[in-house]
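Colleague: Quick one: the structure is below, and I'll ask about it shortly.
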Amino acid sequence: MITKLTQNIPRKESWDKVTGKAVYTDDLPITNHYCARILPSPHASARIKSINIQKAAEIPGVKAVITGQEYSVLCGPTLLDRPPLAKDCVRYAGEPVAIVVALDEATALQAVRLIEVDYEVMPALLSPLDSIKKDAPLLHPQISSYTHVVEDIYPIEKSNISAQYHIRKGNIEEGFANSDIIVEETFHLPPSDHLAMEVRTARAEISADGKVLITTASQSPFTVAKDIAKAFQISPGDIEVHVPFVGGAFGGKANVSLEFLAYMASKKVNGHPVRVIIPREEDMTSAPSKLGMDATIKIGAAKDGKIQGAKFEFHVDCGAYSDIAPYMTKAITADCTGPYNIENLVCDSYCVYTNHTYATSYRGFGHLSYTYCVERTLDQLAKKCNLDPLKFRLLNAIKPGDLAPNQVISTYSNTGNTALCLEKLKGIIHWNGPQITNIDENIVRATGISCLWKAATPPSNAVSGALITFNSDGSLNLNTGVVEMGNGGQTNLAQILAEKLKMDINKIHVTLNVNTRLNPEHYKTVASISAYMAGNAVVRAADDIISQLKSIGSQVYSCKPEEIEVSDSKVYCIKAPTNYTEFKDIIAGYKTEGGASIGEPVLAKGGYMLKGITVLDPKTGKGRSGPSWTVGAQAVEIEFDKRDCTYRIINATTVMDVGQVLNPNSMREMIMGGMAMGLSMASRENYSYNKQGRLKTPNLRTYKLLHIGQEPKYKVEFVETPQTDSPFGTRGISEHGIIGMPAALANALSLASEVNIRELPITPEYLWKQRKEKYDS
Amino acid sequence: MIKYYNDLSVIELHVNGEARKVTVRPADILLDVLREQLGLTGAKAGCKNGDCGTCTILMDGLPVKSCLVLAVEAVGHELLTVEGLSGIAPIQNAFVKYHAFQCGYCTSGFLMVCHALATTKPDADEYEMERWLESNICRCTSYQEIRSAITEVLDTASRQTERSTYATIS
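Just so you know, the protein sequences line up as chains A and B, in that order.
For what it's worth, the numbering used here labels the leading residue of the first sequence as 3, then goes sequentially.
For what it's worth, the numbering used here labels the leading residue of the second sequence as 727, then goes sequentially.
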């Protein structure tokens with residue numbers, strides 16, 4: 003049986019996951035492991051005057067206590083600005099200050115509580131807008147001396163700005179001069195959390211000859227090896243990284259952090275295996291979160307609704323350390339308009355330090371934040387132009403030949419078809435303009451829409467690889483470095499391979515765990531580009547198999563290699579298809595009836611390197627920052643109760659240009675998962691800090707997520723505009739469902755409540771306060 | 727200053743139909759003992775605070791959060807973990823069929839709640855189903871997939887109950 007791309011395939015790891023057999027990092031045996039716990043800082047900003055570890059070290063069973071004073075290591079994926087353990091000062095509440103290594107967790111925890119730290123508390127900066135004030139204290143006075151890991155990061159000396167990116171396209175003065183209607187809005191979006199169900203954890207051990215083994219819940223196993231090597235002067239080849247199943251990540255496990263602590267802990271106890279575990283509360287406060295944002299959006303349009311110009315200013319709240327936030331700021335800048343053609347454009351984006359928990363990549367890589375601000379403004383503008391917001395978006399949707407903000411020329415291949423997504427959405431939701439429907443005297447129903455787009459912003463030299471070996475029954479082993487964290491990446495790759503080899507996917511086995519010693523390097527399982535990068539590697543490995551089989555086959559059937567066909571796990575000459583050889587009889591070399599041996603074992607490989615990605619011009623933002631966009635259009639329908647401002651989310655719809663449908667149910671559910679996360683975030687998730695800068699909601703009792711029964715009915719439909727350089731034309735979709743959801747929800751609720759919503763999350767309390775202000779004034 | 731009781735006692739737990747002896751401190755929670763001493767790692771720690779449900783197991787057929795149960799409290803009760811469903815509970819097949827998981831971390835907990843509902847209240851309506859399942863959190867799926875899976879099992883279960891042929895797995 004030949005598996006097609008468009009067939010619905012259950013995940014390869016399905017039965018592991020429904021029987022409890024799927025092993026995640028902390029499911030591995032612990033009997034030989036010491037346990038390490040961290041001491042988090044209780045202050046958002048403080049000088050560490052002294053640390054007394056004596057009482058902690060004296061507890062029986064405590065093997066070591068480590069403080070930041072012992073190391074002068076700085077880490078970070080863009081700018082080396084973060085000590086793995088706080089040194090001299092703390093910059094956010096939750097920052098790891100010390101680690102205790104003990105025989106077991108209870109002992110470690112007991113000792114952690116006995117560490118005495120003398121802090122001198124300093125004023126905390128809790129908003130990027132405060133951080134950029136002239137007299138603001140500097141979080142990183144030494145910012146100019148930090149090592150740049152990437153070339154395109156531009157910190158501003160003696161400031162709290164770790165990176166800045168700009169767009170100058172067209173003539174903005176002319177754009178606004180030609181505008182009949184101009185809308186300017188300001189937005190405030192708080193940080194929030196990834197909240198993967200698996201709490202982050204990492205293990206380390208060091209052999210007597212210095213070989214390091216790290217086992218971790220990470221999206222970036224190959225980066226873990228490189229970063230630890232760099233930080234502690236070890237040869238990267240001496241570090242082996244294992245990643246078992248990962249229990250959700252959403253970008254939050256792309257950063258390298260606990261791995262450093264695990265290494266330091268094991269090093270201190272002579273290489274003994276150590277597991278660093280953190281409770282949910284520390285996963286929320288100590289480990290990185292999603293960025294916050296303050297934005298000013300100004301867009302002008304002619305009376306007919308054609309956008310003439312736009313000016314955006316973004317202040318990204320990256321928290322205490324930059325991590326990958328500079329690159330999220332870059333991604334925000336490069337894609338700042340959404341999928342619209344805006345010829346005259348100015349965008350100034352700043353990545354700003356605050357004393358919040360530092361931010362790392364989060365599903366959508368910043369796109370959901372700017373999309374919210376832009377799409378809310380577009381709705382306001384459409385209203386002032388007296389235009390249907392959907393028609394208004396259609397009128398301005400980016401088309402082939404238009405220039406993206408980074409001045410890349412848009413094509414159907416590199417962008418997809420935004421207008422078609424909008425047209426299809428219009429039909430599905432029976433859109434007939436913005437309408438408020440009265441359900442009864444108190445309840446009204448309204449729908450809001452939003453477009454989305456996102457390009458990945460990987461480095462130009464990012465690599466991926468695929469290795470394929472055979473089993474004696476003719477089945478294949480597909481070996482890649484893609485992490486299985488819920489993305490279904492392995493199943494997608496197997497399906498691409500099955501399509502390419504015209505074979506049954508059940509005869510393809512995949513590697514569900516990553517071992518950097520065995521698997522070929524895959525950049526990181528991030529940015530929705532695994533199917534693109536690893537997929538291209540798989541396609542090349544499949545070509546390698548076909549070419550080897552054609553070569554052996556041509557000898558077996560005494561014909562030309564191009565006359566050999568490979569299909570349904572069989573090899574034959576096209577002149578005589580019934581006289582075939584099954585894979586099992588040819589993959590280890592072919593033996594003739596006479597006993598002669600032909601060929602050799604088939605071992606295949608495919609490598610892929612991302613090329614043609616350039617830095618953005620620091621002044622104009624011109625440059626190719628990613629391989630391609632994925633576009634879509636979304637709608638959210640709500641029921642709003644005018645009495646108490648409560649609401650129910652009734653329907654949520656997405657039409658996405660996926661390039662080519664691959665495993666349709668799986669694709670649909672990946673997009674639905676994104677939509678659910680977006681609605682949860684937009685309706686209730688908030689990193690609210692108290693005046694001292696401590697998180698008020700550091701657990702699942704106070705930080706609420708969407709539960710079953712609160713979800714709308716989801717609908718996902720596809721548009722297929724192939725991306726020509728991607729396997730079979732597929733596009734990245736894993737993150738994208740989240741991007742327009744907050745905006746669509748806000749647009750629906752603004753219509754229903756008559757509140758100009760400019761914040762997140764949209765709680766009934768927020769709506770009530772806004773309405774009260776409106777009616778009181 | 728908290729007083730720590732670190733002395734160990736041997737207790738016997740009935741897990742998945744077998745009697746197992748374990749050595750515990752008074753403060754040890756059932757979740758840790760199942761995972762660390764019996765290797766039953768299907769139940770996961772998600773918050774150790776009773777808020778997320780990833781550690782849900784069945785105690786005498788009803789769901790409990792094993793992070794909120796002391797190991798010593800579990801003596802004398804029948805415990806069922808996801809490993810005890812043995813791959814033959816209808817809900818397991820339904821989860822595969824409807825893609826009711828992505829990362830799989832919350833799956834064991836959801837399966838146990840669903841299984842308990844299907845066995846103890848096979849005629850549960852949508853309202854009851856939601857009340858049972860809202861104790862758990864899934865961050866990856868949209869819940870629609872889990873809803874489809876449990877709905878099919880409940881429908882199947884109630885039809886079979888009418889014919890009095892529904893068999894429970896213990």
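Ideal Cβ placement from N, Cα and C applies to all residues, glycine included.
Treat the numbers as computed from the prediction; the structure is a model and nothing was measured.
#1: Would you call the stretch 847-863 of chain B and the stretch 774-785 of chain B touching, i.e. three or more CB-CB distances under 8 Å?
#2: By Cβ distance, which residues of its chain are closer than 6 Å to A:Tyr610, with the 5 residues on each side in sequence left out?
#3: Examine chain A for any beta-carbon lying closer than 8 Å to the beta-carbon of B:Val808, and answer yes or no.
#4: Could you tell me whether the Cβ of B:Lys747 comes closer than 8 Å to any Cβ of chain A?
#5: Shorter than 8 Å from the beta carbon of B:Leu859 to some beta carbon of chain A?
#6: Please report the Cβ distance between A:Asp195 and A:Met286, rounded to the nearest whole angstrom; I am assuming they are in contact, meaning their Cβ atoms lie under 8 Å.
#7: Given this structure, state the Cα-to-Cα distance separating A:Val2 from A:Pro130, to the nearest angstrom.
#8: Among A:His738, A:Asp350, A:Val660 and A:Ser682, whose alpha-carbon lies nearest the alpha-carbon of A:Ser728?
#9: Skipping 5 residues on each side, what residues in its chain have a beta carbon closer than 8 Å to that of A:Ile61?
#10: Please identify, using Cβ separations under 9 Å, the residues of the stretch 760-784 of chain B that lie next to chain A, in order along the chain.
#11: I want to verify the contact list: residues of chain B whose CB lies under 7 Å from the CB of A:Arg703, in sequence order.
#12: A:His35 by DSSP, collapsed to three states: which one?
#13: Flag A:Arg365 as yes when its Cβ comes closer than 7 Å to any non-hydrogen atom of the ligand ZN, and as no otherwise.
#14: Counting only beta-carbon separations shorter than 8 Å, does A:Ser16 have a partner in chain B?
#15: With DSSP as the reference, label A:Ala458 as helix, strand or coil.
#16: Could you tell me the alpha carbon to alpha carbon distance between A:Asn54 and A:Val271, rounded to whole angstroms?
#17: How far does the alpha helix (DSSP H) with A:Trp17 in it extend, from its first residue to its last?
#18: Between B:Leu880 and chain A, is there a C-beta pair that is closer than 8 Å?
#19: Under 8 Å Cβ-Cβ, which residues of chain A neighbour B:Gly813?
#20: Take A:Glu567 and list the residues in its own chain whose beta-carbon comes closer than 8 Å to its own, dropping the five residues that flank it on each side.
#21: In the structure shown, what three-state DSSP assignment does A:Lys706 receive?
#22: Is the stretch 641-659 of chain A in contact with the stretch 408-425 of chain A, if contact means three or more CB pairs nearer than 8 Å?
#23: Residues of chain B with CB closer than 7 Å to the CB of A:Met487, please, in chain order.
#24: So A:Pro12 contacts chain B; which residues on that side make the cut at Cβ distance below 8 Å?
#25: With a threshold of 6 Å on Cβ separation, who are the neighbours of B:Asp754 within its own chain once the five nearest residues in sequence on each side are excluded?
#26: Taking the alpha helix (DSSP H) that A:Ala536 falls in, what are its first and last residues?
#27: Rounded to the nearest angstrom, what separates A:Ile280 and A:Pro98 at their Cα positions?
#28: What does A:His244 reach in chain B if we use C-beta pairs closer than 8 Å?
#29: Counting Cβ pairs, one atom from each stretch, are 3 or more of them under 8 Å apart for the stretch 398-407 of chain A and the stretch 334-341 of chain A?
#30: Alpha carbon to alpha carbon, how far is A:Asp120 from A:Ala48?
#31: Residues of chain C with CB under 8 Å from B:Ile872, in chain order?
#32: Does the distance from the CB of A:Ile759 to the CB of A:Leu751 come in under 8 Å?
#33: Measuring straight from C-alpha to C-alpha, what distance separates B:Ala893 and A:Leu499?
#34: Hey, how far is the Cα of A:Asp154 from the Cα of A:Arg733?
#35: Would B:Leu749 and B:Val741 qualify as a contact pair, given that the criterion is a beta-carbon distance under 8 Å?
#36: State buried or exposed for A:His358, treating a residue as buried only when at least 16 other CB atoms are found within 10 Å of its CB.
Modeller: The structure says:
#1: Using a Cβ-Cβ distance cut-off of 8 Å, the stretch 847-863 of chain B and the stretch 774-785 of chain B are in contact, since at least three pairs of beta carbons, one from each stretch, lie closer than that value.
#2: Closer than 6 Å at Cβ, skipping near neighbours: Ser466, Met535, Asn538 and Ala539.
#3: Yes, because at least one Cβ of chain A sits closer than 8 Å to the Cβ of B:Val808.
#4: For B:Lys747, the answer is no, since every Cβ of chain A falls outside 8 Å of its Cβ.
#5: It does: the Cβ of B:Leu859 has a partner Cβ on chain A nearer than 8 Å.
#6: Contact flag correct, Cβ pair sits at about 6 Å.
#7: The structure shown does not extend to residue 2 of chain A, since chain A is modelled only from 3 to 779, so the question has no answer here.
#8: Checked all of A:His738, A:Asp350, A:Val660 and A:Ser682; the closest Cα to A:Ser728 is A:Val660.
#9: Same-chain partners within the cutoff: Ala104, Thr109, Gln112, Ala113 and Leu116.
#10: Cβ contacts with chain A come from Arg761, Glu762, Gly765, Leu766, Thr767, Gly768, Ala769, Lys770, Ala771, Gly772, Cys773, Lys774, Asn775, Gly776, Asp777, Cys778 and Thr780.
#11: Below the 7 Å Cβ cutoff, chain B contributes Asn775 and Asp777 as neighbours of A:Arg703, in chain order.
#12: The three-state reading of DSSP puts A:His35 in coil, since its state is none of H, G, I, E or B.
#13: Inclusion of the ligand ZN in the displayed structure is not the case, the ligand content being empty and no account of it being possible.
#14: Yes, its Cβ sits closer than 8 Å to a Cβ of chain B.
#15: Here A:Ala458 sits in coil by DSSP.
#16: A:Val271 has its alpha-carbon roughly 20 Å from the corresponding atom of A:Asn54.
#17: Residues Ser16 to Lys19.
#18: Taking Cβ atoms only, chain A never reaches closer than 8 Å to B:Leu880, which makes this a no.
#19: Within 8 Å Cβ-Cβ: Trp17, Val20 and Thr21.
#20: The beta carbon of A:Glu567 lies closer than 8 Å to those of Val573, Tyr574, Cys575, Ile576 and Pro579 in the same chain, with the five residues before and after it left out.
#21: Secondary structure of A:Lys706 (DSSP, three-state): coil.
#22: They touch, by the three-pair rule.
#23: Per Cβ cutoff of 7 Å: Cys829.
#24: Residues of chain B whose Cβ lies closer than 8 Å to the Cβ of A:Pro12 are, in chain order, Val822, Lys823 and His825.
#25: The residues are Ala797.
#26: Ser532 to Val558 is the extent of the alpha helix (DSSP H) around A:Ala536.
#27: Within the model, the alpha-carbon separation for A:Ile280 versus A:Pro98 is close to 11 Å.
#28: Under the 8 Å cutoff, chain B gives no residues; its nearest Cβ is about 16 Å from A:His244.
#29: Counting C-beta pairs with one atom in each stretch, the stretch 398-407 of chain A and the stretch 334-341 of chain A have three or more that are closer than 8 Å, which means they touch.
#30: Rounded to whole angstroms, A:Asp120 to A:Ala48 spans 10 Å at the Cα level.
#31: Looking for chain C here will not work: the only protein chains present are A and B.
#32: Result yes, Cβ atoms of A:Ile759 and A:Leu751 sit closer than 8 Å.
#33: Per-residue confidence for B:Ala893 stands at a pLDDT of 37, beneath the threshold of 50, marking its modelled position as unreliable; the derived number appears in the next sentence. Looking at the two C-alpha atoms, the distance is approximately 41 Å.
#34: Annotation: A:Asp154 to A:Arg733 spans about 26 Å, alpha carbon to alpha carbon.
#35: Checking the displayed sequence, the identity of residue 749 of chain B turns out to be Thr instead of Leu. Cβ atoms of B:Thr749 and B:Val741: not closer than 8 Å.
#36: Buried.
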